[in-house]
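Numbered according to our numbering, the sequence shown terminates at residue 438, and the numbering increases by one at each position without gaps. Ideal placement from N, C-alpha and C gives every residue a C-beta, glycine not left out. Written out below as structure tokens is the structure these notes cover.
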Amino acid sequence: MSTFQEGVMDHFILLSEKIGCRPVGSKANHAAADYIEETFRNAGLVVEKQEFEVPAWHLHETNLEFNGETLESQGNNFSEACEVSGEIVPFCTLEELESSSYLGGNIAFLYGELSKENYVPKGFTIYNPDHHQKTLKLLEEKNPSAIIFVRMEKGKNLPIINDWDFSIPSLTISPEVGLKIMNDYQRSSATCKIHSKRNKGWTKNIIGRKQGQGKEKIILAAHYDTVFETNGAYDNASGIAILLSLVEEISRRKDWKVGFEFIAFSSEEYLGLGDEYYLREHKGSLEDAILALNFDGVGQTLGTNNITLMAGSDELEIYLRNIKREFPAVQWTLPWYESNHYTFFSNGVPSIPFSSNGVRDLIHTKDDTIQWMNECKLNEVRVFALEIIEGLQEKSNVWTRKKQASL
32 MSTFQEGVMD
42 HFILLSEKIG
52 CRPVGSKANH
62 AAADYIEETF
72 RNAGLVVEKQ
82 EFEVPAWHLH
92 ETNLEFNGET
102 LESQGNNFSE
112 ACEVSGEIVP
122 FCTLEELESS
132 SYLGGNIAFL
142 YGELSKENYV
152 PKGFTIYNPD
162 HHQKTLKLLE
172 EKNPSAIIFV
182 RMEKGKNLPI
192 INDWDFSIPS
202 LTISPEVGLK
212 IMNDYQRSSA
222 TCKIHSKRNK
232 GWTKNIIGRK
242 QGQGKEKIIL
252 AAHYDTVFET
262 NGAYDNASGI
272 AILLSLVEEI
282 SRRKDWKVGF
292 EFIAFSSEEY
302 LGLGDEYYLR
312 EHKGSLEDAI
322 LALNFDGVGQ
332 TLGTNNITLM
342 AGSDELEIYL
352 RNIKREFPAV
362 QWTLPWYESN
372 HYTFFSNGVP
382 SIPFSSNGVR
392 DLIHTKDDTI
402 QWMNECKLNE
412 VRVFALEIIE
422 GLQEKSNVWT
432 RKKQASL
């Protein structure tokens, strides 16, 4: 076993087990940032920190009482605290909510079409479906005292709202609990208690740079934050562990011609604020990027690691597919957008997102732990990424970028 393969596991275990859950604004998030910064500095990188404000939110307890019974529920992430009682008013379509009267003093109960998926936070500008925006706006106009969302997956009450800009207290329940309420809501009111605390907090991106012979650079990125109540082994201690291992390996070699920029993003899980702050200061420097590699959710024991190429030239794709032949257990997949590589390919930088197809319902849950992860699968991604980088030392950003169609 190589030193660098061992290094991947050392980083992975520390982030996913010793530090654990790393939501923005938390002490664990700060501890992860400090560890990443220390690793960058020990490797001799020039380090930049981009600190920005986020809420430091903590949920102490959620309590839902209905018909004399306490039902299992989960406060939605960043929910305001509350202790309210009222009649339950159910809604399953946007039209039904739109036609309702003012809901002050009542508890809105959203199910079916209105709770079939997580809502994109109001402030997220990259992707925000109209029906999400309209539903949240209507709820704010109708102003119920609290909102109960039914997660439309049996046995699950994972938060449907993850939005610090949405001020109405809300919680999520499983369909089993939802059925109990729906069958008897006309004869009983409910009481929602959410004991949460929110203060001003902060998080930061950590950027490490290694100068090359000229201005051109290769970008490697991963996010280190998690949602609440998960160790985030798969999402995304895996990606950060690979990033840090590559930092150590690349920094010890002297045969590189291009420069390197290593970015550990925070707040990928909430609004993509880390990407926004990065672009504010460094969008212009993306012209010098030959390629960006992003690592997000790799290395499941029962998963298939995958890659794709976005905004790259035909020549670059041929080059990548030739390398992929050496990695038959890696799948070439369709382009996807929901991670930090969006920041790069949407600005014309050829981008390779590394991810995996595995056990789907691990993500954002308490089950996302080290037991599902595989050292050889993690190392597969590390070796693949390194081979891509090694073969691009004589290439320019003109060669890698997608050619513009001539008029």
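Extent of the continuous beta strand (DSSP E) run through residue i
| i | result |
| --- | --- |
| K58 | That residue, K58, is in no beta strand (DSSP E); its alpha helix (DSSP H) goes 58 to 73. |
| C113 | 113 to 117 |
| T261 | From DSSP, T261 is part of no beta strand (DSSP E); its letter is neither H nor E. |
| L169 | No beta strand (DSSP E) holds L169; the alpha helix (DSSP H) holding it covers 161 to 173. |
| I178 | 177 to 181 |
| P359 | That residue, P359, is in no beta strand (DSSP E); it is neither H nor E in DSSP. |
| S382 | 382 to 388 |
Strand pairing of residue i, partner residues [DSSP]
| i | result |
| --- | --- |
| K29 | This structure cannot speak to residue 29, because the chain is shown only from 32 to 438. |
| K31 | For residue 31 there is no data in the structure shown, the boundaries of the chain being 32 and 438. |
| P121 | F140 |
| F43 | F43 is not bridged to any residue. |
| V106 | A small fix is needed here, since residue 106 is Gly in this sequence, not Val. G106 pairs with L202. |
| E292 | R240, I250 |
| K228 | H89 |
| I212 | None, per the DSSP bridge assignment. |
First and last residue of the uninterrupted alpha helix (DSSP H) at residue i
| i | result |
| --- | --- |
| T374 | 372 to 376 |
| N410 | 406 to 421 |
| A272 | 269 to 282 |
| H254 | H254 -> not in any alpha helix (DSSP H); beta strand (DSSP E) instead, spanning 248 to 254. |
| E307 | 304 to 313 |
| I354 | 345 to 355 |
Residue environment, residue i, which counts as buried when at least 16 other CB atoms sit within 10 Å
| i | result |
| --- | --- |
| N353 | exposed |
| Y368 | exposed |
| K49 | exposed |
| K235 | buried |
| I349 | exposed |
| S370 | buried |
| L365 | exposed |
| L438 | Only weak support exists for where L438 lies, its pLDDT of 48 falling under 50; the value from the coordinates is given anyway. So L438 ends up on the exposed side. |
| E292 | buried |
| H91 | exposed |
| Q402 | exposed |
| D392 | exposed |
| G106 | buried |
Assumed close pair residue i, residue j - CB separation to whole angstroms, cut-off 8 Å
| i | j | result |
| --- | --- | --- |
| A253 | M404 | With a Cβ gap of about 15 Å, A253 and M404 do not count as contacting. |
| D266 | D398 | Going by Cβ atoms, the distance from D266 to D398 rounds to 11 Å, so no, they are not a contact pair. |
| F43 | A295 | Incorrect: roughly 14 Å between the Cβ atoms, too far for contact. |
| L324 | L251 | 5 Å |
| I191 | I138 | At roughly 15 Å, the Cβ-Cβ gap does not stay under 8 Å, so I191 and I138 are not in contact. |
| L417 | L277 | 7 Å |
| A221 | L128 | About 18 Å; that fails the 8 Å criterion. |
Cutoff 7 Å: residue i Cβ touching any chain B Cβ
| i | result |
| --- | --- |
| L322 | The structure shown contains no chain B, having only a single protein chain. |
Exercise. For the 8 Å Cβ check, are there 3 or more pairs between the stretch 274 to 291 and the stretch 119 to 135?
Worked result: no
Problem set entry | Given 8 Å, three or more beta-carbon pairs between the stretch 327 to 342 and the stretch 409 to 416 | Taking a cut-off of 8 Å on C-beta distances, the stretch 327 to 342 touches the stretch 409 to 416, as three or more cross pairs fall below it.
Exercise. Using 8 Å as the Cβ pair cut-off and three pairs as the minimum, do the stretch 112 to 128 and the stretch 332 to 344 touch?
Worked result: no
Exercise. Does the pairing of the stretch 107 to 115 with the stretch 225 to 239 give three or more beta-carbon distances under 8 Å?
Worked result: yes
For this session: Could you say if the stretch 306 to 326 and the stretch 77 to 84 meet the contact criterion of at least three C-beta pairs nearer than 8 Å?
Result: Verdict: yes, contact present.
Exercise. Does the count of Cβ pairs from the stretch 200 to 209 and the stretch 64 to 73 closer than 8 Å reach three?
Worked result: no
For this session: Determine, using beta-carbon pairs with one atom in the stretch 148 to 168 and one in the stretch 204 to 219, whether at least three such pairs fall under 8 Å.
Result: Output reads no: the stretch 204 to 219 does not touch the stretch 148 to 168.
Exercise. Are three or more beta carbon pairs between the stretch 182 to 196 and the stretch 142 to 152 nearer than 8 Å?
Worked result: yes
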